[in-house]
Amino acid sequence: MGEPSKIEGSTQTKALYDYYNASRSFEQQRDSLRALVNANPQDQAALQRFNDLNKGFYDRSKNFVQENMGSPIALAALSRMDMGQDAELFKSSRDALRKTMPRSEFFAGFRDQVDRMEKQLEAQKAQEAEMERLSNLIPVGSEAPDFSQQDPNGRTIALSSLRGKVVLIDFWASWCKPCRMENPNVKRVYEKYHAKGFEIIGVSLDRDKNSWMGAIQQDGLPWLHVSDLQFWNNAAAQQYGISSIPFTVLVDKDGKVIDKNLRGPALEAKLAELFGA
Numbered sequence: 002m003g004e005p006s007k008i009e010g011s012t013q014t015k016a017l018y019d020y021y022n023a024s025r026s027f028e029q030q031r032d033s034l035r036a037l038v039n040a041n042p043q044d045q046a047a048l049q050r051f052n053d054l055n056k057g058f059y060d061r062s063k064n065f066v067q068e069n070m071g072s073p074i075a076l077a078a079l080s081r082m083d084m085g086q087d088a089e090l091f092k093s094s095r096d097a098l099r100k101t102m103p104r105s106e107f108f109a110g111f112r113d114q115v116d117r118m119e120k121q122l123e124a125q126k127a128q129e130a131e132m133e134r135l136s137n138l139i140p141v142g143s144e145a146p147d148f149s150q151q152d153p154n155g156r157t158i159a160l161s162s163l164r165g166k167v168v169l170i171d172f173w174a175s176w177c178k179p180c181r182m183e184n185p186n187v188k189r190v191y192e193k194y195h196a197k198g199f200e201i202i203g204v205s206l207d208r209d210k211n212s213w214m215g216a217i218q219q220d221g222l223p224w225l226h227v228s229d230l231q232f233w234n235n236a237a238a239q240q241y242g243i244s245s246i247p248f249t250v251l252v253d254k255d256g257k258v259i260d261k262n263l264r265g266p267a268l269e270a271k272l273a274e275l276f277g278a
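Structure below.
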């Protein structure tokens, strides 16, 4: 932030000048502590002082904005703050500045930033609400909806045909890197518990059969696999409200949902609980 070119006697000018001096002092202390922490990362006392210094100046900036709400000088402190962390303060500042400096180019740039942030937050909230709605479609303890799709050889397999076994429904796809990375973990628990009555049915969200079959072969996945090759419109994925993959649903011998989205150590721990280590 550049130093004010001329200091007048007004209250706001003095407030801005004081904030400028505080920011300059903060930067000097911050740089000194940062160098100390970088030189000795194990110095917890220095790290704590560094964190306390940053928090203290952030709180001062926040107070400065609140004390000067609607004034152009508030922009000096807002430029140092985290819009995501203090979204409501940024929105309040935008609304207040719209009344006091609506035609200013400085305000226009700030307004556009806040407008974009607000739209992103609204979209995020809508997405979270949709994910919550979808996750509640198949609550734990409910009966897992039956479905049937074809395996790579054209044989139709129904979930209900696996009654009497603990079944992991594994929604995945050949193009899903996190899914492929998780496959070794899934394979390990399959090999450990399959003989005890554990089965997996992989439901692929692929569109291309060759890609699907190639991934099964490349990753060496010995369990059951089905797909209707309809991408995100896969009928089973729609039934289960799948909005991201990998996603798993663990079903007990009676077809009831035990748990959802278990992976890695969490999946292994649950299976150890069900079958014994």
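Be aware that the sequence shown starts at 2, since it is given in the working numbering, and climbs by one per residue. C-beta atoms are modelled at their ideal positions from N, C-alpha and C, and glycine is treated no differently. Since the structure is predicted, the reported quantities are computational estimates derived from the model, not experimental observations.
Alpha carbon to alpha carbon, what distance is there between residue j and residue i?
{"i": "Ser-289", "j": "Asn-235", "result": "Summary: the structure shown does not reach residue 289, with the chain confined to residues 2 through 278, and so no result is reported for it."}
{"i": "Leu-37", "j": "Asn-55", "result": "15 Å"}
{"i": "Gln-121", "j": "Ala-130", "result": "14 Å"}
{"i": "Gln-43", "j": "Met-132", "result": "41 Å"}
{"i": "Arg-208", "j": "Thr-249", "result": "20 Å"}
{"i": "Lys-126", "j": "Ala-88", "result": "13 Å"}
{"i": "Val-141", "j": "Leu-251", "result": "9 Å"}
{"i": "Pro-179", "j": "Tyr-194", "result": "23 Å"}
{"i": "Phe-148", "j": "Arg-264", "result": "22 Å"}
{"i": "Ser-26", "j": "Ala-109", "result": "30 Å"}
{"i": "Ala-273", "j": "Ala-267", "result": "10 Å"}
{"i": "Gly-155", "j": "Gly-277", "result": "35 Å"}
{"i": "Asp-260", "j": "Met-182", "result": "21 Å"}
{"i": "Arg-95", "j": "Gln-239", "result": "41 Å"}
{"i": "Arg-117", "j": "Leu-90", "result": "15 Å"}
{"i": "Gln-279", "j": "Met-102", "result": "With the chain represented from 2 up to 278, any question about residue 279 goes unanswered, as that position is not in the structure."}
{"i": "Gln-86", "j": "Lys-92", "result": "12 Å"}
{"i": "Arg-104", "j": "Ala-97", "result": "13 Å"}
{"i": "Leu-275", "j": "Asn-186", "result": "18 Å"}
{"i": "Asn-137", "j": "Gln-128", "result": "14 Å"}
{"i": "Lys-15", "j": "Glu-28", "result": "20 Å"}
{"i": "Ala-46", "j": "Asn-52", "result": "10 Å"}
{"i": "Ala-124", "j": "Asp-32", "result": "37 Å"}
Might you give, ordered along the chain, the residues of its own chain that have their beta carbon closer than 6 Å to the beta carbon of residue i, omitting 5 neighbours on each side?
{"i": "Glu-200", "result": "Leu-163, Lys-166, Val-168"}
{"i": "Leu-135", "result": "Gly-242, Ser-244"}
{"i": "Ser-175", "result": "Asp-207, Ser-212, Trp-213, Ala-216"}
{"i": "Ala-40", "result": "none"}
{"i": "Thr-157", "result": "Ser-149, Gln-151"}
{"i": "Ser-161", "result": "Asp-147"}
Let me check understanding here. Comparing Cα to Cα, which of the options lies closest to residue i?
{"i": "Arg-189", "options": "Trp-224, Arg-50, Pro-247", "result": "Trp-224"}
{"i": "Glu-106", "options": "Leu-17, Lys-120, Glu-119, Pro-73", "result": "Pro-73"}
{"i": "Glu-269", "options": "Tyr-191, Ala-238, Met-102, Ser-149", "result": "Tyr-191"}
{"i": "Ala-237", "options": "Arg-104, Asn-186, Asp-171, Pro-103", "result": "Asp-171"}
{"i": "Gln-150", "options": "Asp-32, Asn-262, Ser-228", "result": "Ser-228"}
{"i": "Ala-159", "options": "Ser-11, Ala-40, Gly-256", "result": "Gly-256"}
{"i": "Leu-17", "options": "Ala-75, Val-187, Gln-128", "result": "Ala-75"}
Take residue i and list the residues in its own chain whose beta-carbon comes closer than 7 Å to its own, dropping the five residues that flank it on each side.
{"i": "His-226", "result": "Asp-152, Pro-153, Gly-203, Ser-205, Ile-217"}
{"i": "Leu-230", "result": "Asp-207, Arg-208, Lys-210"}
{"i": "Lys-100", "result": "Gly-71"}
{"i": "Tyr-20", "result": "Phe-65, Ala-77, Ala-78"}
{"i": "Phe-232", "result": "Leu-206, Arg-208"}
{"i": "Leu-48", "result": "Val-38"}
{"i": "Ala-196", "result": "none"}
{"i": "Val-11", "result": "Reading off the sequence shown, one finds Ser at residue 11, where the question assumed Val. Answer for Ser-11: no residue qualifies."}
Short of 8 Å in beta carbon distance, which residues of its chain neighbour residue i, apart from the five on each side in sequence? Order them along the chain.
{"i": "Lys-254", "result": "Arg-164, Gly-165, Lys-166, Val-167, Gly-198"}
{"i": "Pro-258", "result": "Checking the sequence shown, residue 258 turns out to be Val, not Pro. Ile-139, Pro-140, Val-141, Gly-142, Ser-143, Glu-144, Ala-145, Val-250, Leu-251, Val-252, listed in sequence order."}
{"i": "Gln-30", "result": "Leu-54"}
{"i": "Arg-50", "result": "Leu-34"}
{"i": "Ala-23", "result": "Phe-58, Arg-61"}
{"i": "Lys-271", "result": "Leu-251, Ile-259, Asp-260, Leu-263"}
{"i": "Pro-247", "result": "Asp-171, Phe-172, Trp-173, Cys-177, Pro-179, Cys-180, Glu-183, Arg-264"}
{"i": "Glu-119", "result": "Ala-88, Lys-92"}
Taking only heavy atoms of the ligand NAD into account, decide whether any of them is closer than 6 Å to the Cβ of residue i.
{"i": "Arg-112", "result": "Here there are no bound small molecules, and the ligand NAD is not part of this structure."}
- prompt: Is the stretch 229–243 touching the stretch 202–219, taking contact as three or more C-beta pairs under 8 Å?
  reply: yes
- prompt: Between the stretch 106–118 and the stretch 219–239, are three or more C-beta pairs nearer than 8 Å?
  reply: no
message: When you compare the stretch 79–94 with the stretch 58–71, are there three or more beta-carbon pairs, one atom per stretch, that lie closer than 8 Å?
response: yes
task: Could you name each continuous alpha helix (DSSP H) segment of 4 residues or more that falls completely within the stretch 61–95, going from the start of the chain to the end?
output: 75–79
In chain order, each beta strand (DSSP E) run of at least 3 residues that lies wholly inside the stretch 95–165: 149–151, 157–159
field: Inside the stretch 162–191 only - beta strand (DSSP E) runs reaching at least 3 residues
entry: 167–173
message: Report the start-end ranges of each alpha helix (DSSP H) in the stretch 191–235 that is 4 residues or longer and not cut off at the edges.
response: 210–220
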